[in-house]
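Student: The following block contains the structure, expressed as structure tokens.
Residue numbers (our numbering), protein chains in the order written: chain A, 14 to 171; chain Y, 530 to 988.
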């Protein structure tokens, strides 16, 4: 290895210190600006009460949580995020046809969120579903779960 | 300094002396030397050289587009600062501020209209400015980097428009931003975290409004101010290209900037201020109902300058429609001056007579080609349906993309066969793509109805 002159060493040290300072400041700035978690509202957890209250084959909109609680015919549950996977429009559920139909660009989804009609590139996103000891449904809306295909493993069984 | 300048005339009153002391040089210079000195020593006028090539004063060469951008920027800064005092950036209060602007605030509607229309006009004028520089070879050495800064400024102007679009917090704003930001979602890897950072969450909400407000009133204007200063300084140092006809030598006769250039600029600015005020008096900026996150309008469209992109996304797999195609376009735009070695045709519109005809032909071909592509893809072509065994990134991405590139390469070779020089062939290719993009934008704005189905705007 070539011998490093004092001048070169100091130059490198200055450069490294500068790069470190910029990295630190960028990190501080990034963390400062990154989104904060909101409690109770959208982004937090929702307690939807006893699971028996939801009839088989029903789709219940939860306005505050921006999702639909779907109970399938087989008794399983899904929490489907309202946001269309194409360009983010709010997808309403059509009770008459039993499908989600996006008003913006014509995507159609089944009651499980599977794509029936493009341009949506993937099924509707889900939120994590769980049940507490009293048998109440809990939906966590902090981060939507993306999926490329629908699967029976997505379905939560009480 | 000569003795004449330093001597204070004895009979001059104090107010007159104070007034004269603002400017370093006399306000009404009597000879050319005085006029040049006045430009050089003035804070504002010194963005100009003291003398200007006479030929460059020709209006139908620059059309004053760069100057108009400066004027629009000034109007936007003044009206924007006024609007800050009448606006609250929170979901509960933003829409009420807009109603108050329309009903309570004196001249509220006028100021908002001026701001809205100047902002939208700025996007159009910036694009026209780019075209003017492009077709007169104004980006050739040593102006390559200034061209790049110009493109960066155009992107910042679009960014300023886009962030401002959300602030009224009506249905139009809410869903245009939702759709527009979702385009970003398709960028691999960085798209999703970037969207979350920009929105301050996973949907447009209170945090988004705060973010966009900060970007709109501070970050982007500051960036534009800094970059535009650099841009104008480079124009001043690199000097303007001098217009000339084919086979004609550039006429380098120069006249003093004061008054020959300054008076033209002054009149031009006054005419445009009059146009803006008239327009803002009679045409209201749109305002729909208050934003309702539960109810998307049908159809939901992005802001008008993103409609070309949204239209592209209807025909290609998102990776191609939102990333690869626009990315390649942008890259080509930055690269083009570094490829151009033909310095002999600088200052000639469309480089040559042949260049002019080829550009005209390409522009028409772009319009027809884009319409044909949209109609064929809408009513006949269905690659994902015909090739169901392929993933849609291939059937709706790589395959049509490869077809498109082959067509473009074929066209480039055909241009060469039509005796186009390399820079004329590139110019024609740019013209084709640009005119196709504008056509897609127009189709997106006017030819898309409910559910984004193809409609005829007049039926």
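Don't be surprised by glycine CBs; every beta carbon is placed ideally from N, CA and C. Note that the structure is a prediction, hence the values are computed from the model and not measured.
Hey, is residue 600/Y's beta-carbon within less than 8 Å of any beta-carbon in chain A?
Tutor: Output row for residue 600/Y: interface = no.
Student: If you follow the alpha helix (DSSP H) that residue 787/Y is in, where does it begin and where does it stop?
Tutor: Run containing residue 787/Y: 786-811, per the alpha helix (DSSP H) assignment.
Student: Tell me where the alpha helix (DSSP H) around residue 940/Y begins and ends.
Tutor: Counting along the chain, the alpha helix (DSSP H) containing residue 940/Y begins and ends at 928-946.
Student: Around the C-beta of residue 605/Y, are 16 or more other C-beta atoms found within 10 angstroms, so that it is buried, or is it exposed?
Tutor: That one is buried.
Student: If you measure from the beta carbon of residue 26/A to each beta carbon in chain Y, is any gap under 8 Å?
Tutor: Chain Y contact via Cβ: absent.
Student: Please state whether DSSP places residue 921/Y in a helix, a strand or coil.
Tutor: Of the three classes helix, strand and coil, the one that applies to residue 921/Y here is helix, per DSSP.
Student: Once the 5 residues before and after residue 31/A are set aside, which same chain residues still bring their CB inside 7 Å of it?
Tutor: If we look at residue 31/A and ignore the five residues flanking it on each side, it has no Cβ neighbours.
Student: Using a Cβ cut-off of 8 Å (strictly closer), state whether residue 716/Y contacts chain A.
Tutor: By this cut-off, residue 716/Y is not an interface position.
Student: I'd like to know if residue 619/Y contacts chain A, where contact means its C-beta is closer than 8 Å to some C-beta of that chain.
Tutor: Not closer than 8 Å to any Cβ of chain A, the Cβ of residue 619/Y fails to qualify, so no.
Student: Are the CB atoms of residue 706/Y and residue 733/Y nearer to each other than 8 Å?
Tutor: Yes.
Student: Is residue 925/Y closer than 8 Å to residue 976/Y when the C-beta atoms are compared?
Tutor: Contact flag unset, no.
Student: What is the DSSP secondary structure of residue 580/Y, reduced to helix, strand or coil?
Tutor: In the structure shown, residue 580/Y sits in a strand (DSSP, three-state: E or B).
Student: Would you kindly report the start and end of the unbroken beta strand (DSSP E) that includes residue 72/A?
Tutor: Residues 71-75.
Student: How is residue 154/A classed by DSSP in three states: helix, strand or coil?
Tutor: In the structure shown, residue 154/A sits in a strand (DSSP, three-state: E or B).
Student: Which residues in the same chain as residue 981/Y place their Cβ atom closer than 7 Å to its Cβ, once the five residues preceding and following it in sequence are excluded?
Tutor: Closer than 7 Å at Cβ, skipping near neighbours: 828 and 843.
Student: Out of curiosity, what's the CA-to-CA distance linking residue 693/Y and residue 739/Y?
Tutor: For residue 693/Y and residue 739/Y, the distance between alpha carbons rounds to 12 Å.
Student: Could you check where the alpha helix (DSSP H) with residue 749/Y kicks off and where it finishes?
Tutor: That run of the alpha helix (DSSP H) goes 749-767.
Student: May I ask you to list the residues that DSSP assigns as paired with residue 91/A?
Tutor: According to DSSP, residue 91/A bridges with 83/A.
Student: Could you please give the first and the last residue of the uninterrupted alpha helix (DSSP H) stretch that includes residue 509/Y?
Tutor: The structure shown does not extend to residue 509/Y, since chain Y is modelled only from 530 to 988, so the question has no answer here.
Student: Using a Cβ-Cβ cut-off of 8 Å, state whether residue 136/A counts as contacting chain Y.
Tutor: It does not; no Cβ of chain Y falls within 8 Å.
Student: Alpha carbon to alpha carbon, how far is residue 886/Y from residue 760/Y?
Tutor: For residue 886/Y and residue 760/Y, the distance between alpha carbons rounds to 31 Å.
Student: Which whole-angstrom value describes the C-beta separation of residue 856/Y and residue 962/Y, a residue pair presumed to lie in contact below a C-beta threshold of 8 Å?
Tutor: Wrong, their Cβ atoms sit about 13 Å apart, outside the cutoff.
Student: If you measure between the beta carbons of residue 691/Y and residue 837/Y, is that distance less than 8 Å?
Tutor: Contact flag unset, no.
Student: Starting from the beta carbon of residue 708/Y, find every residue of chain A whose beta carbon is closer than 8 Å, and list them in chain order.
Tutor: Those within 8 Å of residue 708/Y in chain A are 100, 101, 102 and 117.
Student: Return the Cβ separation of residue 870/Y and residue 624/Y in integer angstroms, given the expectation that the two are a contact with Cβ distance under 8 Å.
Tutor: The Cβ separation is near 55 Å, so there is no contact.
Student: Would you mind reading off the limits of the beta strand (DSSP E) that contains residue 139/A?
Tutor: Counting along the chain, the beta strand (DSSP E) containing residue 139/A begins and ends at 139-144.
Student: Classify residue 549/Y: buried if its beta carbon has 16 or more other beta carbons within 10 angstroms, exposed otherwise.
Tutor: Its Cβ having fewer than 16 others within 10 Å, residue 549/Y is exposed.
Student: Beta-carbon of residue 52/A versus every beta-carbon of chain Y: anything under 8 Å?
Tutor: Note that residue 52/A scores 46 on pLDDT, short of 50, meaning its location in the model is unreliable and no value can be drawn from it.
Student: Could you tell me which chain A residues have their CB closer than 9 Å to the CB of residue 824/Y, listed as they occur along the chain?
Tutor: Per Cβ cutoff of 9 Å: 103, 105 and 116.
Student: With distances taken from CA atoms, which of 559/Y, 851/Y, 568/Y and 562/Y is nearest residue 790/Y?
Tutor: Checking every option, the nearest Cα to that of residue 790/Y belongs to 568/Y.
Student: On a Cα-Cα basis, can you pick out the residue from 562/Y, 635/Y, 556/Y and 801/Y that is closest to residue 651/Y?
Tutor: Per the Cα distances, 801/Y.
Student: How would you call residue 804/Y, buried or exposed, if buried means at least 16 neighbouring beta carbons within 10 angstroms?
Tutor: Looking at its Cβ environment, which holds fewer than 16 other Cβ atoms inside 10 Å, residue 804/Y is exposed.
Student: Measuring straight from C-alpha to C-alpha, what distance separates residue 612/Y and residue 747/Y?
Tutor: Between residue 612/Y and residue 747/Y, the C-alpha separation is close to 14 Å.
Student: By the three-class DSSP mapping on this structure, what secondary structure does residue 562/Y have?
Tutor: Looking at residue 562/Y - three-state DSSP - the assignment turns out to be helix.
Student: Under the three-state reduction of DSSP, which class applies to residue 15/A: helix, strand or coil?
Tutor: Coil, per DSSP.
Student: Determine, for residue 828/Y, whether the minimum Cβ-Cβ distance to residues of chain A falls below 8 Å.
Tutor: With 8 Å as the cut-off, residue 828/Y counts as an interface residue toward chain A.
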